[in-house]
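According to this note's numbering, the sequence shown is numbered sequentially starting from 10.
This report concerns only the one structure given below.
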Amino acid sequence: MDGKRNRRWAGRAMIGGRGGPPALGTLPVAATALTATLALYMALVVFGNVTDFGTNREFVRHVLAMDTTFQDDDLMWRAVTSRTAQDLAYLAIIGWEALTALALLAGTVLWVRGLRGRVTRPRGYDAARRATTVGLVMLIVLFGMGFIAIGGEWFAMWQSSKWNGLEAAGRNVMLAGFVLVTVHLPSRHWPRTAAG
Numbered sequence: 010m011d012g013k014r015n016r017r018w019a020g021r022a023m024i025g026g027r028g029g030p031p032a033l034g035t036l037p038v039a040a041t042a043l044t045a046t047l048a049l050y051m052a053l054v055v056f057g058n059v060t061d062f063g064t065n066r067e068f069v070r071h072v073l074a075m076d077t078t079f080q081d082d083d084l085m086w087r088a089v090t091s092r093t094a095q096d097l098a099y100l101a102i103i104g105w106e107a108l109t110a111l112a113l114l115a116g117t118v119l120w121v122r123g124l125r126g127r128v129t130r131p132r133g134y135d136a137a138r139r140a141t142t143v144g145l146v147m148l149i150v151l152f153g154m155g156f157i158a159i160g161g162e163w164f165a166m167w168q169s170s171k172w173n174g175l176e177a178a179g180r181n182v183m184l185a186g187f188v189l190v191t192v193h194l195p196s197r198h199w200p201r202t203a204a205g
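Right under this line is the structure:
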């Protein structure tokens, strides 16, 4: 009886075994934790932007108006001074952040389902990887293209000492890039059809 129970338990504890989670310290567990971390982060960003709407709206307004830059005539034609356009841009940012948070949350749920063996692991991990990749690319587009390229260069945010979000945007892009690489690393812990 004990031998049969031990064999059954060992089968569940192995990566790819049905019914048991993979061991801590494996790539699937790390991918789950990293995806969950960024899902929570983006959800809190959205929550903060909705509950403290005015603070970040001012940030977006000042960046788009370029009113705290060097005021170079060769650049100031780029400024967007319409409050309506500024507020629409801010609402678009919040909407994009919310969709990013949802994609990462979906990825987290799929990772957990794959870890728990609720679906066959290859299919579960592949779906989790795809959802996570969508969320991470959205995050990189938001902070890389939106804040660093458009805000930082086009609207010269780098010139502002007060309304400058380049450092935070850079951290977000680096963290998202790290997680993106992590979830696509080859590993003996991925089932064969989930690798790649």
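All C-beta atoms in this analysis are idealised placements derived from N, C-alpha and C, irrespective of residue type, glycine included.
Source: prediction; values computed, not measured.
**Request:** Throw me the rounded Cβ distance for the glycine 144 and leucine 97 pair, which I believe falls under 8 Å.
**Result:** Going by Cβ atoms, the distance from glycine 144 to leucine 97 rounds to 24 Å, so no, they are not a contact pair.
**Item:** Secondary structure of glycine 126, DSSP reduced to three states
**Value:** It is coil, neither helix nor strand.
**Request:** Ignore the nearest five residues each way along the sequence and tell me which others in histidine 193's own chain have a CB closer than 6 Å to its CB.
**Result:** If we look at histidine 193 and ignore the five residues flanking it on each side, it has no Cβ neighbours.
**Asked** Going by beta carbon distance, what residues of the same chain come within less than 8 Å of alanine 39, once the five residues before and after it are set aside?
**Response** Thr191, listed in sequence order.
**Asked** Out of Trp167, Thr142, Leu151 and Gly155, which has the shortest C-alpha to C-alpha gap to threonine 117?
**Response** It is Thr142 whose Cα lies nearest to the Cα of threonine 117.
**Request:** Could you check which residue in Leu36, Ala107, Thr44 and Leu84 has the C-alpha nearest to that of alanine 53?
**Result:** According to the sequence as given, residue 53 is leucine; it is not alanine. Of the candidates Leu36, Ala107, Thr44 and Leu84, the one whose C-alpha sits nearest the C-alpha of leucine 53 is Ala107.
**Item:** Residue span of the alpha helix (DSSP H) that contains arginine 180, given as start and end
**Value:** Counted as a single uninterrupted DSSP element, the alpha helix (DSSP H) harbouring arginine 180 occupies residues 175–192.
**Message:** Can you give me the C-alpha to C-alpha distance between histidine 198 and arginine 139, rounded to a whole angstrom?
**Reply:** Pairing histidine 198 with arginine 139, the inter-Cα distance amounts to about 17 Å.
**Proximal residues to methionine 147 (C-beta, below 8 Å), its chain only, five neighbours per side dropped** = Contacts found: Trp105, Leu108, Thr109 and Ala112.
**Asked** Hey, how far is the Cα of threonine 78 from the Cα of proline 195?
**Response** Rounded to the nearest whole angstrom, the CA to CA distance from threonine 78 to proline 195 is 45 Å.
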